Every structure is written in structure tokens, then in C-alpha cells.
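Data block below; observations after.
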Amino acid sequence: MRAEADPVVRLAGVGHRYGRTTALEQVDLAVARGRMVGLIGPDGVGKSTLLGLIAGVKTVQAGQVVVLGGSMADERHRERVCPEIAYMPQGLGKNLYPTLSVAENLHFFGRLFGQKRAERLARIEHLTRSTGLFPFLDRPAGKLSGGMKQKLGLCSALIHDPELLILDEPTTGVDPLSRRQFWSLIGEIRQDRPGMTVLVATATMDEARRFDRLVAIDGGRILAEDTPERLLAQTGADDLEEAFIRLLPEERRRDHVSPVLPPRTSDGGPPVIEAHGLTQRFGSFTAVDHVDLRIERGEIFGFLGSNGAGKTTTMKMLTGLLPATEGTATLLGKPIDASDLETRRRVGYMSQAFSLYDELTVRQNLELHARLFELPAAGRAERIATMLRRFELTEVADQLAQSLPLGVKQRLSLAVAVLHEPELLILDEPTSGVDPIARDRFWAMLIRLSREDGVTIFLSTHFMGEAERCDRISFMHAGRVLEVATPAELKAGVPTHDLDDAFVAAIEKAAPEATRDERQLAPDAGPIAAGQRTGAVARTLAWAAREAKELQRDTIRLVFAVLGPIFLMFAFGYGISFDVENVAFAVLDQDQSPQSRALVEEFRGSRYFEQQPDIADLASLDHRLQTGELKVALVVPPDFGRDLEAGRGPEIGIWVDGAMPFRGETARGYAIGVAQNFGARIAAGSGQAGSAASPFTLEIRYRYNQEFESIRAIVPGVVMLLLVIVPAMLTALAVVREKETGGIINFYVTPTRRLEFLVGKQLPYVAVAYGSFVLLVGIAVTVFGLSISGSILALALGGLLYVLGSTAVGLLFSTFVNSQVAALFGTAIATVIPAINFSGFMVPVSSLSGFTPWIGRLFPSAWFQIVSVGTFAKGSGLGELLLPMLALAGLALAYLLLAALCLRRRET
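Just so we're on the same page, the numbering used here is the position in the sequence shown counted from 1, plus 883.
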């Protein structure tokens, strides 16, 4: 047992790098049990990296990370303490699955931590009642508000009753009311579990006062660590944002001045934006409900509201990006019209996320947008130089945008937005995640644009400190504008003179149900006992059930998975044929003798040829072959009949279209065969076949496919082809999609092992693929008329092993790439080329030379082709197909193990 005095977390000399970028450098930290410790600092200073190392999400590169009495560099210790750690990643609902309901998400996390159904139900009821989510158990996570998503994320983290709770910026992007409710919930949870340690990262200094201790971080280093009160006393600051600035190195805060908003003088002119009764409905849902707004020239107008209040929808309607359902609005004195490009040129827009081009330099980004906005070539260079000077970008003008710090990126985005000198500037959360100094510099530029250039600025924000710098702000909730006034007027309306309180009071007045505490205690059933934990099979099935539900609710993927192979079966089965019949041919008969007409009749009587109108001359022959009207032309020379009767062996001309070599070669063989049969018959009739009769007659018969119909060879091959392409491409998205959406974090922070995760992700696609196999075999028998002449058991078992192998190929690609596009392309190449060229589908494997036969044998398609053709056409039994069966099983296992080796257990 550890001594109680031992810290829950202890870091010594911890460093971490991403390529050439240093995220952490020589970090030392100790966190005592039962404390709530906050890591404060802007985005990009190392907070998330530090929490990831403590949670075991990231690999320890340098130093010691000791958590719960052991090193997190030790894989065994990490697996042992994993159930004692809960990690909630940054981002709204980042660890949740949007298509799963609240209850389904919580059941999934409970199963990953080995909880049986009775324990899960008790914990889910307790957590959802205490967080107010109990009435929404059946609602999909993707349809929850931002605050409710964070509550569900917290419930998911707490369902296994952890000893250490790690929250990475849990309230970023959450409105003030939801933020207040979230921290109140955390406080109550800590009262119920006094021994639980909580580590929180935040860039919002307003909420940092509630923590027991604060750790200020900048540039990967710890600036200071103490209680909030002592940090304020140490720095002599009035608030934590100012305290953080004073803790920064001298070179970072040199020449820093907090921006001051001068009073605005109204020019009495027409408003830049005016709206009356603006309404937007999506079906029966009203997103914006009769909004009235008036924004004057040069005004800085702030838009504040709860998540899902309709702010973005209102901004889209006011800029013409979304037509209003009801009401009227004018922009720059004109009715809003999305097709009015001249008015839109007078508007600048800056999104919350960096939306410029990372692969271009600062100057190149400015030049590109100067051309897009059609700035005159004569003044373009001077305007770009002005922007570089004005926004302090001259020193980084030739650096790539991707290498810039976040604050500089925001200045570049603003420079691009005002490059064409707009009269209205629209900003969506412009300083989210920016450090306080960069935020102040940014606001100094906004104030200058407003007061000196008369630019009207319309912005949305969740930061109340930022809202206080606006001339006027509006509070919005549930599609309605509640109040519009200056910050001072709004603060005067509440006893605390706090803008957060003013926002909550406005919502309480207009929509009291939104602030009503929906939390309730669960029926007192005593402490929830942890029963006997389930193991690897249960965790595997938990991943499989979750993947199956997501697949079932993704209509496009499901339709592609089920109907795609059927459609392609018909397309390939009827579209691919090696049969050469009804070849278009015509005759240039220059002899017109009975013998020449007999030869023509021989061709006409063959089922392989279809006669076209006769050829007039050689020029016409060449033209008709060139246009594709003819595939074969027969030229009978003059005196053909006379020479044939005289036994002089006359020649004929056979012209063949060789543009398609395979069909041309086959048609040539047919034509030569018809001509030889005609010659043999003439020779036999004239007694020239030879005096001695042949002792035997040779007749060729084809085994297994006596009619020599290509469909009997194509369709079994199409089954092979489709069962490797579609299942592999579907499975190729399984893991990489988790990486892109952030759900992979649930693999990192739960007791799941690699094979449990991979097999769980694979099983639903194996089930769908095997269902496709059964359908394709049924179509082959009922529609294409094939019969299974071999062992049905061998075909069924071979199909199962084959889909296991093909889905394992997709999993392999999904583990070592980082984008869905790359996974799809890689899987398509790795399945299509071997399946067509090296499996025996087009060319027998035995006829391949060099190392190419071995390429085919490294992929399951070559082995299943043997099984498919053998059972459909050759009557092969289970014993005869034992070798390909073993090869399929071995390849499926090999690909799965290789995928497990490629799958990282932690981020680097």
C-alpha cells in the first residue's frame, strides 16, 4: 500500500517533443491526493501533452511520470492502474459517439471497464440523475447541447469510479450557464468522493479561481505553482489573467498594454445591419425566432448566447449565406441577396478555426486573397506591405503559415479578412485559445479598425472578458434575442455587477426552465458494489456492439455494404465476358464463283460470325474496319474457284480488327478454323485428303465447362473480387475514423488490448461481408444459372475464412495511416490489383513468371479463387481444398497480428 502522504502524480524532469517542436521541457510537479489542481495557460503551451502523459495516453519520452505509485513508462503498471484513471479529452463530446444514445454511450464505457449489466444500470441511473441527463437517456449524443455533451462526457469518465479524474479544457466552447452548471456538478462530485484527485486544464482564467492549486504553464515550462490567492498576492494583480501576464518572461510581456476602447461617436447614418422579425425554421424546429437587430457603422457588436441558441444561423442569414424563412434584413443599406456579389465584397469574414493555407507563406496567403478579391494590380503590392506592417507580420512574411504560433495565425487571418478594405467585419470566436497578450494585441487592432477606419465589427464569443470590450452586446437563447445593451448597462442590472451573472439572469427571466436544476437523487439503494469483472471477450463484444450500432445507423455505409456487392455482381457478371460470338464480318468477293459463294456460306453458317453488307472495294474495307463497323473482313481473290478446282491451293485474305488483342486473336482463330474446315471438306469431296485413312478421329471436349461459356468462369471470380474489395474498404475506415474523430482516445485510456479492439471492430464487418457472400452465391445460382457441384460446406467455410482475411487487410491499412482517404486508396490498391492480376481471375497463376505468383499467394484472393472455382465448376470436396483453406486461415491471422503490431497503444 502507498503511504497517504505520497503524491498521486509526480513528474520529474519531464520533456516531450513533436518533431522539432518542444512541447514540454524539464517539468517537475507533484499533485497531492484529493486536490483539485488547475493547469492554466493558452492553447499550445503543453497542457494537453502533460495531461496525456499522466493519463497514459502518450508515450513518456524523457523524465519520470509516476502516477498512483508507479511509472507510466511501465506498460504493466499502466494497464494495472488504468481502471483508476478517468480522462476526458479536449473538445465537446470528443470521447463520445454521436449516433449512440446517452444510455448506449454509458453502457459501452461500463462494459469496457468490465462492469456487468446490473452494476452498469445502477451506475448509469445514479450518474444521469445527478447530472440531469436521466430524462434524455434515449437521445443521441450528437443531438445534445454543448453543456449536455460535457456532462455526458463526465459521466462516461466517472462510470468506473476512478481515483484520478483528468479534464482537458472541459468547458471550452460552452456557454456561461452550462459552464456554471458543470463546475457546480464537479463540486458536488468531489463532496461525494473526497479522496478523488482532479486535474483540470483550462485557458479560461475566470474559472481558475475555483481550483485548490494552480499551475501556470507557458512554452512547455511551469511558470509558477500555488493557490489562486497566493498567485494574485505574489504578482500584485487584480485578476488571474493579469497575474498570468506578469508571470511571463520579460521578453514576452515587454511593451504590453491592455487595450482601451474609446467612446464611439455615432454619425447618425443608416445602420450597417438591420433586421426585423428575422426567423429561420428547419421543418418544425425554429432555430431563430423573430430577431430584431440594428448595428451602426463603426460599432463593435458582440453576440453572446448558449450553445445552440441560433447565433451562427442568425449570422448566416445576415450575410446572405442562408435565406430567411420570415422577416426582413438589410446589409449595408441593401436587402440581403446571396447573389449580390458587390455587397459581399464589402464584407470580411474570419472563422474560429484557422482557414487559410498552411502550405503557403504569410505573404503568399495575402497575395492569393488579393487576387481572389480582384484588388487592382497597381496597388496590390503596396496594400499587402501595409497589412504586413499594420498587423506586425513583416518579420514572418516569408514563413509558412503552419509554423506560426496561434496568436500570429489570428493576426494573419484578420489581415486577410480586412485586406480588401471591407466595411463590415464578421468574426466567429476570434480569440479562442489565444494567450492573454496575443488577445490584447488582437483587440488593439480591432479597436483601431473600428475607431480609425470606421469598420463595423460583428463578433460572437463565449468569453465575458472579451464581451466587455464591445460597444454593445446581445444575449441570445433558444433562437431569441433576450437583451441588447452596453456591457455596463447589463452589469448594472444584477447585484454582483458581473456579466456572467447578467447573462444567467437574462435566461432565468426569459426561460426559467433552462436554468431549472433537473438533477435528482437516485433511489437510495446504498453503495454501488463492484461485482465480478468481465474480461477480454466482454470488451471485444463491447467494441463489436458499438461498431455494429454505428454501422446500422449510418445509412450510406450500410447501403453500400449490402447493396454495393449485389449491384456490382450484376454489372460484372453480365458486363465481363470472354465469349466472342456474332462477330461482325463482311465479304469482298472478287471471284463470284460457286466455290467462293460456298466459302462465304461457310462463314455465314458459323454461330461465331454475323454477316454485314458486302464490301465494295479495298478502300471501303479499310474504312469500315477503322470505324468499328466490321471486326473481320474476308477477301476472296479473282480465280479463287478455278485455282481451287485445279488443286493449286488458292489464297484468301482475312482482315481482323486487332484494337482489342484478345478479341482479335480469338476472331482470327475462328476465321482460320472456318477456312480450314472448308478446305478439308473440299479436299475430302475431291478425293485429295490422302489415300490412307486416319486410324483415329480427334475431337476436343472441355472438362467442367463443356459449353466453354465464360460466365461459368467469370461469376465465381466476381464473387472472389467483390468479397475482397467491398469488405476491406469498409473495414479500412474502422480504426482511422476513430483517429480522425478522437474516439481512439477510448482505446488508449481503457483496459482494452490491441486484439480486443481490432477483433471488436472487425466482427460487424465480417457479419455483413458473410451476409453478402450468401447473397452473391444465391445470385450466382438463381440468376446466372450456376450450380454448386462441389462441397457446399467447403464453400461456406472458405467464404468465412475469406471475409476474415479481406477485413483483416482493411484493418491493417486502417491502423498505420491517419486519414480515411489514405486508408481507402491504400486498401483499394492492395486488394484490386492482386485480385485481378495475380489470383487466377484473368490469367492462371501457373502461367505467371518470376516472383509474381508469390504476390498472388500473399493475398487471400488467390486462395479463395481456388475454392470458388473448385466448388462451383470442378466438383471439389473439402479434402481437396484443405490447402487453400489453411492458407486463408493463416493469412487472416497473419494480417490481424500485423495490424496489432502496427496499432499504437499510446500516442507519441
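Glycine is no exception: its CB is placed at the ideal position from the N, C-alpha and C atoms.
It should be emphasised that the depicted structure is a prediction, and the values quoted were computed from it without experimental measurement.
Applying the criterion that 16 or more other CB atoms from any shown protein chain within 10 Å of the CB defines a buried residue, is Asn-1465 buried or exposed? Taking the sequence shown and counting its residues from 1, one reaches residue 1465 at position 582. Under this definition Asn-1465 is an exposed residue.
Residues near Glu-1209 by beta carbon distance below 7 Å, same chain, minus five either side: On the sequence shown, position 326 is the one that residue 1209 refers to. Taken in chain order, the residues that qualify are Gly-1160, Thr-1162.
Are the beta-carbon atoms belonging to Leu-1050 and Val-1083 less than 8 Å from one another? Here residue 1050 refers to the residue found at position 167 of the sequence shown. Here residue 1083 refers to the residue found at position 200 of the sequence shown. For Leu-1050 and Val-1083, yes; Cβs fall inside 8 Å.
Arg-903 burial status per 10 Å Cβ neighbour count (16 or more: buried): Walking along the sequence shown from the start, residue 903 turns up at place 20. Exposed, since its Cβ has fewer than 16 Cβ neighbours within 10 Å.
Assuming the contact rule is C-beta atoms closer than 8 Å, Gln-1711 and Met-1612 should be a hit. Round their C-beta distance to whole Å, please. Reading the sequence shown from its first residue, position 828 is the one you call residue 1711. Reading the sequence shown from its first residue, position 729 is the one you call residue 1612. The residue asked about is misnamed: residue 1711 is Ala in this sequence, not Gln. With a Cβ gap of about 6 Å, Ala-1711 and Met-1612 count as contacting.
Can you tell me whether Phe-1734 is buried or exposed? The criterion is at least 16 other CB atoms within 10 Å of its CB, across all chains shown. What you label residue 1734 is simply residue 851 of the sequence shown in a count that begins at 1. That one is exposed.
Are the stretch 1280-1295 and the stretch 1175-1195 touching by the rule of at least three beta carbon pairs closer than 8 Å? no
What does a CB cutoff of less than 6 Å around Phe-1017 pick up in its chain, not counting 5 residues either side in sequence? Within the sequence shown, residue 1017 is the residue found at index 134, counting from 1. Within the same chain, Phe-1017 has close Cβ partners Thr-1011.
May I have the straight-line CA-CA distance separating Asp-1384 from Arg-1093, to the nearest angstrom? Position 501 of the sequence shown, counted from the first residue, corresponds to residue 1384. Position 210 of the sequence shown, counted from the first residue, corresponds to residue 1093. Distance between the alpha carbons of Asp-1384 and Arg-1093: 16 Å.
Is the distance from the Cβ of Leu-1308 to the Cβ of Ala-1300 below 8 Å? Indexing the sequence shown from 1 puts residue 1308 at position 425. Indexing the sequence shown from 1 puts residue 1300 at position 417. It is a contact, given that the beta carbons lie within the stated cut-off.
CA-to-CA distance, Gly-1643 to Val-1660, given in whole angstroms: The residue given as residue 1660 occupies position 777 in the sequence shown. The residue given as residue 1643 occupies position 760 in the sequence shown. C-alpha separation (whole angstroms): 27 Å.
Quick check on His-899: does DSSP put it in helix, strand or coil? One-based indexing of the sequence shown puts residue 899 at position 16. DSSP places His-899 in strand when its eight states are reduced to three.
Backbone secondary structure at Ile-1627 - three-state DSSP: As a first step, residue 1627 must be located in the sequence shown, where it is residue number 744. Three-state result, Ile-1627: coil.
By how many angstroms is the C-alpha of Glu-1179 removed from the C-alpha of Ile-1330? Here residue 1330 is taken as the residue at index 447 of the sequence shown, counted from 1. Here residue 1179 is taken as the residue at index 296 of the sequence shown, counted from 1. Spanning the two alpha carbons is a distance of roughly 15 Å.
Please confirm if the stretch 1683-1696 is in contact with the stretch 1637-1651, defined as three or more CB-CB distances below 8 Å between the two stretches. yes
When you compare the CB positions of Gly-997 and Gly-1626, do they come within less than 8 Å of one another, or not? For the purposes of this step, residue 997 is taken as the residue at position 114 of the sequence shown. For the purposes of this step, residue 1626 is taken as the residue at position 743 of the sequence shown. Not in contact: Gly-997 and Gly-1626 (Cβ atoms no closer than 8 Å).
May I have the straight-line CA-CA distance separating Arg-893 from Thr-1087, to the nearest angstrom? Counted from its first residue, the sequence shown places residue 893 at position 10. Counted from its first residue, the sequence shown places residue 1087 at position 204. Arg-893 and Thr-1087: Cα-Cα distance of roughly 25 Å.
For a test of the three-state rule: what should DSSP assign to Thr-1379, helix, strand or coil? Taking the sequence shown and counting its residues from 1, one reaches residue 1379 at position 496. Thr-1379: coil per DSSP, three-state reduction.
Can you tell me where the alpha helix (DSSP H) with Asp-1323 in it begins and where it stops? On the sequence shown, residue 1323 is found 440 positions in, with the first residue counted as 1. First-last of the alpha helix (DSSP H) with Asp-1323: 1319-1336.
Please classify Thr-1791 as buried or exposed, where buried requires at least 16 neighbouring CB atoms within 10 angstroms. Taking the first residue of the sequence shown as 1, we reach residue 1791 at position 908. With fewer than 16 Cβ atoms within 10 Å of its Cβ, Thr-1791 is classed as exposed.
Three-way DSSP call (helix, strand, coil) for Ser-1028 in this model: Start at 1 with the first residue of the sequence shown, and residue 1028 comes out as number 145. Ser-1028: coil per DSSP, three-state reduction.
What are the boundary residues of the alpha helix (DSSP H) that includes Ile-1526? On the sequence shown, position 643 is the one that residue 1526 refers to. Residue identity check: residue 1526 is Asp in the sequence provided, not Ile. Segment 1523-1528, the alpha helix (DSSP H) holding Asp-1526.
Give me whichever residues DSSP pairs with Trp-1538 in a beta bridge. Position 655 of the sequence shown, counting from 1, holds the residue named residue 1538. Note: Trp-1538 sits in a beta bridge opposite Ala-1516.
Taking 8 Å as the CB-CB limit, is Trp-1538 close to chain C? As a matter of chain content, chain C is missing from the structure shown, which is built from one protein chain.
State the CB to CB distance for the pair Ala-1394 and Phe-1358, rounded to an integer number of angstroms; the pair is presumed to be in contact (CB under 8 Å). Here residue 1394 is taken as the residue at index 511 of the sequence shown, counted from 1. Here residue 1358 is taken as the residue at index 475 of the sequence shown, counted from 1. The Cβ separation is near 11 Å, so there is no contact.
Which term fits Ala-1529, buried or exposed, when burial requires 16 or more other beta carbons within 10 angstroms of its beta carbon? Numbered from 1 along the sequence shown, position 646 holds the residue referred to as residue 1529. It counts as exposed.
For Gln-1475, count the other beta carbons within 10 Å of its own beta carbon; 16 or more makes it buried, fewer makes it exposed. Which is it? Here residue 1475 refers to the residue found at position 592 of the sequence shown. Gln-1475 comes out exposed.
Give the secondary structure of Arg-1531 by DSSP, where H, G and I count as helix, E and B as strand, and everything else as coil. Translated into positions along the sequence shown, residue 1531 becomes position 648. Note: Arg-1531 maps to coil in three-state DSSP.
Give the straight-line distance between the Cα atoms of Leu-989 and Ala-969, rounded to the nearest whole angstrom. Residue 989 sits at position 106 when you count from the first residue of the sequence shown. Residue 969 sits at position 86 when you count from the first residue of the sequence shown. Taking the straight line joining both Cα atoms gives about 14 Å.
Taking DSSP as the reference, what is the three-state secondary structure of His-1506? As a first step, residue 1506 is located in the sequence shown; it is residue number 623 there, counting from the start. Residue state, collapsed to three classes: helix.
Let me confirm a value: Lys-930 is counted as buried when at least 16 other C-beta atoms fall within 10 Å, else exposed. Which label applies? The residue you call residue 930 lines up with position 47 of the sequence shown. Counting Cβ neighbours within 10 Å, Lys-930 comes out buried, since at least 16 surround it.
Mind checking which residues open and close the beta strand (DSSP E) that includes Leu-951? Position 68 of the sequence shown holds residue 951. Leu-951 -> no beta strand (DSSP E), and no H or E assigned at all.
Quick check: what's the CA-CA separation for Gln-1033 versus Asn-978? Here residue 1033 corresponds to residue number 150 of the sequence shown, with the count starting at 1. Here residue 978 corresponds to residue number 95 of the sequence shown, with the count starting at 1. Taking the straight line joining both Cα atoms gives about 10 Å.
Outcome for Asn-1701 when other beta-carbon atoms lying within 10 angstroms are tallied against a minimum of 16: As a working mapping, residue 1701 is identified with position 818 in the sequence shown. With fewer than 16 other Cβ atoms within 10 Å, it is exposed.
Output the distance between the C-alpha atoms of Ser-1744 and Asn-1629, rounded to the nearest integer angstrom. Here the question's residue 1744 lines up with position 861 in the sequence shown. Here the question's residue 1629 lines up with position 746 in the sequence shown. Approximately 34 Å, taken between the alpha carbons.
What whole-angstrom Cβ distance do Pro-1634 and Leu-995 have, given they're in contact under 8 Å? Translated into the one-based positions of the sequence shown, residue 1634 becomes position 751. Translated into the one-based positions of the sequence shown, residue 995 becomes position 112. Indeed they touch by this definition, with Cβ atoms about 7 Å apart.
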